[in-house]
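Asker: Encoded as structure tokens, here's the structure I'll be asking about.
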Amino acid sequence: MHPGPRGERDVGFWGCYLVGRSGEPLIGHPALRDARERLTLREYRADGWQVWSHPTDSSLGSMTALADAARAPVLLGFVMDGVCVAVEAAAPHSGSWYACLGRTPMAEHLGPDGPTREELFLPPEDAAARAVLWAAETGRGVREGPLLELLRIERPERSGEELFFAFLDRLGIESLSG
């Protein structure tokens, strides 16, 4: 949470971004049947990639099931309070993996009594290596270094949303605006 103009705490953005490549809208896949009504197309990206938003929690179902149904890699970013992102990625051949963007805020959101960041997410080095494999399955050759740079950020200076879209760019899922 961030201090508001009168000292109260403002709540940052909470919601999900679902990313996949398909010749049809992703929401047509049976794996998204229960979430379809709350998904909104946010943008198209280069090479047929779609970014959909969901206004609440990460209850969009199994990304592995969606990747299998779409026969293509998919990615989910759950933005928490606008300051950190839980990333779930899945692909038909390279499997699924979890990472976080904004490491310190993520640990703060998990709290002392819940699971730890280390229990839920891969270490940055492992996540970057898995991200390279995931990108390769999309037909993109990306470098591990720029991904690792984002994954290692402890306390981001930009919003969780900005981190997530920078992560997409570094995965080779480029914006149409360039």
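Using my numbering, the first residue of the sequence shown is number 31, and each one after it goes up by one. Glycine residues also receive a C-beta, built at the ideal position from the N, C-alpha and C atoms.
For the alpha helix (DSSP H) containing R200, list its first residue and its last residue.
Answerer: 190 to 200
Asker: Indicate whether V113 and G190 have their beta-carbon atoms separated by less than 8 Å.
Answerer: yes
Asker: Assuming the contact rule is C-beta atoms closer than 8 Å, R72 and W82 should be a hit. Round their C-beta distance to whole Å, please.
Answerer: Taking the Cβ atoms as the reference, R72 lies roughly 6 Å from W82, within the contact range of under 8 Å.
Asker: Just list the residues that DSSP pairs H84 with in beta bridges.
Answerer: Answer is C46, bridged to H84.
Asker: Following the continuous beta strand (DSSP E) through E29, name the residue where it begins and the one where it ends.
Answerer: Here the chain has residues from 31 to 208 only, and residue 29 is not among them.
Asker: Going straight from the alpha carbon of L152 to that of P122, what length do you get?
Answerer: When rounded, the distance between both Cα atoms is 19 Å.
Asker: Secondary structure at R51, three-state DSSP: helix, strand or coil?
Answerer: strand
Asker: Do you know how far the Cα of M110 is from the Cα of L150?
Answerer: 15 Å
Asker: Between W164 and A119, how many whole angstroms is the CB-CB distance? I'm expecting something under 8 Å.
Answerer: So it is a contact: roughly 5 Å between Cβ atoms.
Asker: Determine the contact status of A116 and G50, defining contact as a CB-CB distance below 8 Å.
Answerer: Going by C-beta atoms, A116 is not nearer than 8 Å to G50.
Asker: Just checking my contact of L105 with C46 at CB under 8 Å: how many whole Å lie between their CB atoms?
Answerer: Incorrect: roughly 11 Å between the Cβ atoms, too far for contact.
Asker: Leaving out the 5 sequence neighbours to the left and right, which residues in its chain are closer than 8 Å to R160 when beta-carbon positions are compared?
Answerer: A119, S124, W127, A129, L152
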